[in-house]
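Have a look at the structure below, then the notes.
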Amino acid sequence: MQAARRAPSVGRQLLRLGGGSSRPCAILGHPRPGPAQRHYASGAAQAVLDKSDSLSSEASTGAKPAKAESKSFAVGMFKGQLTTDQVFPYPSVLNEEQTQFLKELVGPVSRFFEEVNDPAKNDTLEMVEDATIQGLKELGAFGLQVPSELGGVGLCNTQYARLVEIVGMHDLGVGITLGAHQSIGFKGILLFGTKAQKEKYLPKLASGETIAAFCLTEPSSGSDAASIRTSAVPSPCGKYFTLNGSKIWISNGGLAEIFTVFAKTPVTDAATGAVKDKITAFVVERSFGGVTHGPPEKKMGIKASNTAEVYFDGVRVPSENVLGEVGGGFKVAMHILNNGRFGMAAALAGTMKGIIAKAVDHAANRTQFGEKIHNFGLIQEKLARMAMLQYVTESMAYMVSANMDQGSKDFQIEAAISKIFGSEAAWQVTDECIQIMGGMGFMKEPGVERVLRDLRIFRIFEGTNDILRLFVALQGCMDKGKELSGLGKALKNPLGNAGLLLGEAGKQLRRRAGLGSGLSLSGVVTNNPLGF
């Protein structure tokens with residue numbers, strides 16, 4: 004394909020965004036002017052930092068602040084009430100400048116995937132050609148959420164979601180390459196990295212000069228992340244850790260130079276002196292030595308992405324490359340995964356848009372029994388349901404991203420729900436598209452069968468849908484359980500907790516009278532929008 008071979012020059016042409024733009028070079032990852040420089044691409048990242056700071060303060064003072072009541076919409080449902088702060092009105096976070104900047108990016112990115120990238124060729128070659136990768140680098144696609152002062156584009160989560168949606172519409176294989184790099188690969192450095200770690204690694208990662216990978220899964224541990232066997236033993240001098248083990252099914256495993264690796268380390272309990280193995284996160288460079296990888300895995304779908312086993316044999320990792328705290332790796336892993344799931348929903352919303360367009364085009368042009376098949380009620384019903392599933396997925400993705408941009412700490416359940424719903428909805432939509440297209444949908448040329456193959460993995464990686472369903476239920480019930488536990492303790496000392504008990508009694512009375520904050524949208528959504 005000639006266009007793919009010309010990717011670098013085409014990429015440069017797409018970057019000519021017009022002389023009227025105040026920031027024509029921003030998409031290249033060059034620093035751009037803004038109201039204030041910041042080290043974090045979103046409010047959610049800052050929230051993680053604030054939480055870490057508060058924990059440090061708590062440890063030094065011995066004071067434990069009271070836990071604020073969750074504002075999560077999903078958590079509220081588990082408690083039998085609607086907490087509407089995060090959903091009504093629907094969150095809108097982009098100011099005029101951010102909206103304009105996003106518009107400047109959408110055109111070039113869309114044109115690149117329409118005119119340069121060839122998803123069918125990528126699937127056949129089982130790789131993304133170097134020329135295409137170079138074009139993506141020129142677009143700044145490897146550092147979308149890296150702050151501009153560190154060489155990235157500096158997008159917030161909502162802006163990022165919009166561009167990810169475009170990628171998902173055209174090529175999920177390329178989407179995995181980019182997502183494994185920035186959504187999870189170096190996301191830990193963004194969320195938990197020290198200033199020195201950010202300044203050392205993020206500029207090259209943002210430019211695509213170095214590629215990142217996220218190394219958690221092992222042969223004996225998939226969903227059960229706590230059972231990993233990879234170990235990191237501290238040296239007697241305390242200057243480094245010796246890393247040994249292997250990780251499987253690592254996206255970008257054969258391409259990456261920087262790895263976020265999770266390993267068990269011995270941690271001494273300060274109170275008891277007992278030594279326990281706890282998970283610690285590390286930033287590992289291939290250049291440290293002892294890092295190798297296996298051949299690319301042969302996969303059902305997302306064939307263009309590189310998936311390989313990665314081996315760590317006596318790798319000396321400097322102590323300053325610990326990500327977060329020693330023994331705090333599980334928290335790091337969960338924050339990374341929770342923080343990235345909204346992007347999956349956004350990408351799949353884009354996939355569904357593209358698939359629905361193919362289905363509609365076929366239905367509008369295919370004649371059977373003397374009529375265009377889009378006139379048949381069954382076809383109309385299928386298309387309507389496909390549109391509904393896409394609409395809900397897109398709405399969830401942008402609701403979660405906006406709440407994250409507003410600094411919300413309560414988005415984990417919503418992010419998991421969006422991943423579960425989006426991955427299953429996209430599969431249904433694509434399957435129905437094949438059904439509408441009939442035999443043509445089963446053929447390679449239209450590309451729908453490739454999308455169906457690509458989609459199957461989304462119900463498995465970054466948390467299987469089965470495990471995430473358990474997570475949603477357990478996390479939701481946990482908050483209610485804590486509330487009930489508090490009431491139980493209060494009942495043992497009613498005089499000392501009169502305020503809490505009276506407050507709960509008041510809630511119950513209001514609910515029985517139909518005045519409570521139960522599962523009602525009264526006062527938020529009107530059943531008479533015209534007012535008469």
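This note's numbering puts the first residue of the sequence shown at 4, with every later residue one more than the last.
We put the CB at the ideal spot given by N, CA and C, even for glycine.
query: Taking just the CA atoms, how far does Gln415 sit from Ala77?
result: 9 Å
- prompt: Do three or more CB pairs link the region 287 to 305 to the region 316 to 328 at distances below 8 Å?
  reply: yes
message: By the three-class DSSP mapping on this structure, what secondary structure does Phe285 have?
response: strand
field: Cα-Cα separation between Glu118 and Gly138, rounded to whole angstroms
entry: 12 Å
query: If you draw a straight line from the alpha carbon of Val363 to that of His377, how long is it in whole angstroms?
result: 8 Å
message: Suppose you measure from the CA of Asn341 to the CA of Asn368; what does that come to, to the nearest Å?
response: 43 Å
task: Count the other CB atoms, across all protein chains shown, that sit within 10 Å of the CB of Ala350; report buried if there are 16 or more and exposed otherwise.
output: buried
- prompt: Quick one: is Phe217 buried, meaning 16 or more other Cβ sit within 10 Å of its Cβ, or exposed?
  reply: buried
task: Can you grab the Cα-Cα spacing for the pair Tyr394 / Gly171, in whole Å?
output: 15 Å
message: Taking the beta carbon of Gln162 as the centre, do at least 16 other beta carbons fall within 10 Å, making it buried, or is it exposed?
response: buried
Beta-carbon separation (whole angstroms), Glu221 vs Ser254, contact threshold 8 Å: That belief does not hold up - the Cβ atoms of Glu221 and Ser254 are roughly 15 Å apart, past 8 Å.
- prompt: Looking only at C-alpha atoms, which of Cys480, Val475, Pro269 sits nearest to Lys281?
  reply: Pro269
field: Leu326, DSSP secondary structure in three states
entry: strand
field: Three-state secondary structure assigned by DSSP to Gln371
entry: strand
task: Could you tell me how far apart the beta carbons of Gly257 and Ala311 are, in whole angstroms, since I believe they sit closer than 8 Å?
output: 4 Å
- request: Flag this pair as yes or no: are the beta carbons of Lys190 and Ser234 separated by less than 8 Å?
  value: no
- request: Quick one: grab the DSSP three-state call for Ala277.
  value: coil
message: Using a Cβ distance threshold of 8 Å, determine whether the region 193 to 201 contacts the region 354 to 361, with at least three qualifying pairs required.
response: no
- prompt: What residue ranges within the region 112 to 162 form continuous alpha helix (DSSP H) runs of no fewer than 4 residues, ordered along the chain?
  reply: 122 to 128, 133 to 141
query: Between the Cα of Asn468 and the Cα atoms of Ala418, Phe445, Arg456, which residue gives the shortest distance?
result: Ala418
message: Runs of 4 residues minimum, wholly inside the region 394 to 470: which ones carry the alpha helix (DSSP H) assignment?
response: 415 to 440, 442 to 445, 451 to 458
The alpha helix (DSSP H) enclosing Ile3, as first and last residue numbers: This structure gives no information on residue 3, because the portion of the chain shown stretches from 4 to 535.
Closest by C-alpha distance to Gly327, when choosing among Thr283, Val109, Pro449: Thr283
- prompt: Are the CB atoms of Leu205 and Ala215 nearer to each other than 8 Å?
  reply: no
task: Kindly list the residues whose CB is nearer than 8 Å to the CB of Gln5, restricted to its own chain and excluding five residues on each side of it in sequence; keep chain order.
output: Note that Gln5 scores 40 on pLDDT, short of 50, meaning its location in the model is unreliable and no value can be drawn from it.
- prompt: Helix, strand or coil: how does DSSP classify Val270 here?
  reply: strand
task: Could you tell me whether any Cβ in chain B is nearer than 8 Å to the Cβ of Phe372?
output: Here there is only one protein chain, and chain B is not present.
query: Where does Ile231 sit, in a helix, a strand or coil, going by DSSP?
result: coil
message: Helix, strand or coil, according to DSSP, for Pro321 in the structure here?
response: strand
field: Closest Cα partner of Glu397 within the set Ile136, Lys140, Arg165
entry: Arg165
message: Taking the straight line between their C-alpha atoms, what separation do you get for Ala476 and Ser404?
response: 22 Å
7 Å CB neighbourhood of Ser223 in its chain, flanking five on each side removed: Ser230, Arg232
field: Cys480 in three-state terms, based on DSSP
entry: helix
message: Can you confirm whether the region 328 to 347 touches the region 172 to 191 when touching is taken to mean that 3 or more C-beta pairs between the two stretches lie within less than 8 Å?
response: yes
message: Taking DSSP's pairing of strands, which residues face Tyr243 in a bridge?
response: Pro321
field: Simplified DSSP state of Ser223, which is helix, strand or coil
entry: coil
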